[in-house]
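Notes follow the structure.
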Amino acid sequence: MKLKSILLGAITAASVAATAQPTWEIGSTTLTEYDLVTGMQLPWEILWGPDDHLWMTSRKGEVLRIDPATGDYTTVLEKNVMNGGNGEPGMLGMAMHPDWETTPKVFVVYCAGSSWNGQEYLSVFDWDGTELVNEEILLTLDAGGIHNGSRLLVLPDNTLLMTAGDVGASSLSQSLNSLQGKTLRLNLDGSIPADNPFPDSYIYTFGNRNSQGLALGPNGIIYASEHGQNSNDEFNIIEAGGNYGWPQVEGYCNTASEQNFCEENDVVEPIKAWTPCIAVNGIEYYNHEAIPEWQHSVLLSVLGGLGAQYERLSVLHLSEDGLSITSEDQYFSSFNQRIRDVAINPYTGSVYVAFNGTSYPGNGPNIIKEFRNEAFASSVEGPEYLQAVAYPNPCSESIRFDWDGNLQGAEFTVFSFSGQTIARGTINDAFLQLETSEWPTGSYFIRLDHAKGMRTTTFQVVQGE
Ligand SMILES: [Ca+2]
Ligand SMILES: [Ca+2]
Ligand SMILES: [Ca+2]
Numbered sequence: 408m409k410l411k412s413i414l415l416g417a418i419t420a421a422s423v424a425a426t427a428q429p430t431w432e433i434g435s436t437t438l439t440e441y442d443l444v445t446g447m448q449l450p451w452e453i454l455w456g457p458d459d460h461l462w463m464t465s466r467k468g469e470v471l472r473i474d475p476a477t478g479d480y481t482t483v484l485e486k487n488v489m490n491g492g493n494g495e496p497g498m499l500g501m502a503m504h505p506d507w508e509t510t511p512k513v514f515v516v517y518c519a520g521s522s523w524n525g526q527e528y529l530s531v532f533d534w535d536g537t538e539l540v541n542e543e544i545l546l547t548l549d550a551g552g553i554h555n556g557s558r559l560l561v562l563p564d565n566t567l568l569m570t571a572g573d574v575g576a577s578s579l580s581q582s583l584n585s586l587q588g589k590t591l592r593l594n595l596d597g598s599i600p601a602d603n604p605f606p607d608s609y610i611y612t613f614g615n616r617n618s619q620g621l622a623l624g625p626n627g628i629i630y631a632s633e634h635g636q637n638s639n640d641e642f643n644i645i646e647a648g649g650n651y652g653w654p655q656v657e658g659y660c661n662t663a664s665e666q667n668f669c670e671e672n673d674v675v676e677p678i679k680a681w682t683p684c685i686a687v688n689g690i691e692y693y694n695h696e697a698i699p700e701w702q703h704s705v706l707l708s709v710l711g712g713l714g715a716q717y718e719r720l721s722v723l724h725l726s727e728d729g730l731s732i733t734s735e736d737q738y739f740s741s742f743n744q745r746i747r748d749v750a751i752n753p754y755t756g757s758v759y760v761a762f763n764g765t766s767y768p769g770n771g772p773n774i775i776k777e778f779r780n781e782a783f784a785s786s787v788e789g790p791e792y793l794q795a796v797a798y799p800n801p802c803s804e805s806i807r808f809d810w811d812g813n814l815q816g817a818e819f820t821v822f823s824f825s826g827q828t829i830a831r832g833t834i835n836d837a838f839l840q841l842e843t844s845e846w847p848t849g850s851y852f853i854r855l856d857h858a859k860g861m862r863t864t865t866f867q868v869v870q871g872e
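For the sequence shown, the working numbering assigns the number 408 to the initial residue and increments by one for each residue that follows.
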């Protein structure tokens, strides 16, 4: 009796909450606000993964994999990080391998070592369907108490960009003998690309201070946000071999000494600068029709500085060629919460925003909110809403898959996690049953290609001894 009344209470509260979500007017578009994930440790990176899940790093040393429909998550990696992640160092940027179906690997940057002195590692892990395993360290840098970067971005040419901070030693930024204060470019196996601008060097740009935002824009343009010291936070376009001026130049080349240095060193100026600093962070290029007012813009997370006095999500509207910013709109400052990163749902155009509290260096409360245009999302038949059920899982003799919605006619392919194609065919019924008795023990995933989009689901096969 007591249990029943608790359950009824919970159901009532949930239905009340569902009808009372806050909304935001963006021109003629209404966004509904949802608290997708609360109570987790401090978020640093959020991204939409190729498995149609939201992935998050916590600076405290965790990677979470989040179901975007429910907010439920699992912790898929835990590392001991410098000073427990109680400052700027910790677990930072993350990126996914672009050939996820055959090479499900995840790149992660984290700082480890003694409390304020250690190393920064760029590592790659295998995703086994349950957790991140088989760490391989691709690159080791110095880590410091401050200015460790680091965002990651996979480019269309299958190379990886990594922003490396100056670790508080600003003279390193102009030295081509140091990897600090740079943007670095690697092949996905960790080797140096043959066409990098400096021979046998990871360095792609130099003269950077502490860049913590990277995004791919239109026409292959690469955007980066970069923290200034007290003035001149920067928004840059990344050019191979470019010198971005730090520490001799802050922001534009607009003082006499800066102008001399800029002419002699061909310094690349930012396309926008903010004075005083607002603490610019994670960025994404937005061009989804769900929010027409934000199309062809960069969404910029703003931490707001030490006291979060300028915190917000900025929408940087771009010129047609993407090479300049025409205007800036500001949203969500009324939360009085630092915004660390942003991610986009490719189906519904929803925007996910990671908040981490009211003061430097991020003390919570930690929350990922979703801002969704319900009018658009309700018309989407994207595979995100076609939840797959695989059972029994793990299986031995056979496995059955059921999907919400009618997916007859879809092509399916089953891969092992070593990348081999195990089975393929066409779905002729409302469900799919596969014989697995000849398949070795291990993790597998099935990929479904349908006119409505692509869907993948992982499962396990366990055979007796
Ligand atoms: Ca991100
Ligand atoms: Ca600069
Ligand atoms: Ca300047």
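The beta carbon of each residue, even a glycine, is placed where N, CA and C say it ideally should be.
- With a cutoff of 7 Å on beta-carbon distance, F514 and L548 are scored as not near each other.
- Secondary-structure assignment with DSSP links L720 through a beta bridge to S708, Y738.
- The beta-bridge partner set that DSSP reports for S805 consists of E842.
- By DSSP's assignment, P450 forms a beta bridge with S465.
- With fewer than 16 neighbouring CB atoms inside 10 Å of its own CB, F605 falls in the exposed class.
- Annotation note: the region 472-513 contains no uninterrupted alpha helix (DSSP H) run of length 4 or greater.
- The residue among S704, I644, L713 with its C-alpha nearest the C-alpha of A680 is I644.
- At least 7 Å separates the beta-carbon of S734 from that of D535.
- One alpha carbon belongs to A601, the other to F822, and they sit about 32 Å apart.
- Pairwise C-beta distances place the region 723-737 out of contact with the region 441-451, as fewer than three of them are shorter than 8 Å.
- W431 and V869 have their alpha carbons spaced roughly 49 Å apart.
- Taking 6 Å as the cut-off, the C-beta of D596 does not count as close to any heavy atom of ligand 1.
- Per DSSP, the continuous beta strand (DSSP E) segment holding S632 begins and ends at 629-633.
- Distances from the alpha-carbon of V483 to those of A576, S521, S522, N541 put N541 closest.
- Distance from the C-beta of E641 to the nearest heavy atom of ligand 2 is below 6 Å.
- Look at S757 here: in three-state DSSP terms it is coil, with no helix or strand label.
- Closest in alpha carbon position to N770, among G756, N565, G826, L710, is L710.
- Looking at the DSSP output, T570 bridges to T590.
- Contact annotation: K512 and V488 have beta-carbon atoms that are not nearer than 7 Å.
- Annotated as distal: R854 and T828, with beta-carbon spacing of 7 Å or more.
- 7 Å or more divides the Cβ of G492 from the Cβ of R472.
- G658 is positioned such that its CB atom lies no closer than 7 Å to that of N637.
- L438 and Q428 have their C-alpha atoms spaced approximately 10 Å apart.
- Sixteen is the threshold: when 16 or more other Cβ atoms of the shown chains lie within 10 Å of the Cβ of I775, as they do, the residue is buried.
- In the three-state DSSP reduction, A601 falls in the coil class, being neither helix nor strand.
- With respect to the 7 Å criterion, Y651 and V687 are not classified as neighbours on the basis of their beta carbons.
- The Cβ neighbour count for E818, taken over all protein chains shown within 10 Å, is under 16; the residue is labelled exposed.
- Here the alpha carbons of G551 and S522 stand approximately 10 Å from one another.
- One alpha carbon belongs to W462, the other to Q867, and they sit about 21 Å apart.
- Those residues that bring their Cβ nearer than 6 Å to a heavy atom of ligand 1 are E452, I453, L454, G689, D748, A750.
- Straight across, the Cα-Cα distance linking G648 with L591 is about 10 Å.
- When distances are taken from the beta-carbon of G771 to the heavy atoms of ligand 2, even the shortest one reaches 6 Å or more.
- Annotation for S740: E718, R719 place their beta carbon closer than 7 Å to its own, counting only its chain and skipping 5 residues before and after.
- E495 counts as buried, since no fewer than 16 other beta carbons sit within 10 angstroms of its beta carbon.
- Of the heavy atoms belonging to ligand 3, none sits nearer than 6 Å to the Cβ of E633.
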